[in-house]
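Residue numbers (the working numbering): 1 to 140.
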């Protein structure tokens, strides 16, 4: 994805240069003047709510949830919930222990057969039980 920003160092932000001809002869190369903030990086198992916007350079950690209509301007840690305009951290989804176990598990890298075996664990609503089972599975 491009930087998705506008040149702000001159009177106008309009990209005259992209039209070629005399327009490009009399203006600086627009793309070289765009502020570069880096790639957007979205982790695994991330839920991006309806019409949320993620700005350039933002990293969204594994398992994060972004509320609908949010504008994400800062990084969101793994397994956290963020929302608003600008998006702010609302809360962690899980305990530090369960978050660490899930990040160690990396179930999204499993082959289909292994994933099928752990599906009951991944869908377990009792989070304490899930943490205990994950410890056993990971030999912790």
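Every residue, glycine too, gets a C-beta built ideally from N, C-alpha and C.
Just so you know, these numbers come straight off a predicted model, no measurement behind them.
Item, Value
"Just verifying my parser: in three-state terms, what is the DSSP assignment at residue 67?", "coil"
"I'd like the ranges of any beta strand (DSSP E) spanning at least 3 consecutive residues and lying wholly in the stretch 33 to 118.", "80 to 84 and 87 to 92"
"Any chance the stretch 18 to 30 sits against the stretch 48 to 68, with 3 or more Cβ pairs inside 8 Å?", "no"
"Once you ignore the five residues that flank residue 183 on each side, which residues in its own chain have a CB closer than 7 Å to its CB?", "Given a span of 1 to 140 for the chain in the structure shown, any question on residue 183 remains unanswerable."
"Under DSSP, the alpha helix (DSSP H) around residue 21 begins and ends at which residues?", "21 to 25"
"State the start and end residues of the unbroken alpha helix (DSSP H) segment that holds residue 138.", "Where residue 138 is concerned, there is no enclosing alpha helix (DSSP H), given that its DSSP letter is neither H nor E."
"Is the Cβ-Cβ distance between residue 42 and residue 55 less than 8 Å?", "no"
"What is the C-beta distance between residue 134 and residue 119, in whole angstroms, given that I count them as a contact (C-beta under 8 Å)?", "No, residue 134 and residue 119 are not in contact; Cβ-Cβ is about 13 Å, not under 8 Å."
"With H, G and I counted as helix, E and B as strand and the rest as coil, what does DSSP make of residue 6?", "coil"
"Could you check how far apart the C-beta atoms of residue 39 and residue 108 are, in whole angstroms? I think they sit under 8 Å.", "About 19 Å; that fails the 8 Å criterion."
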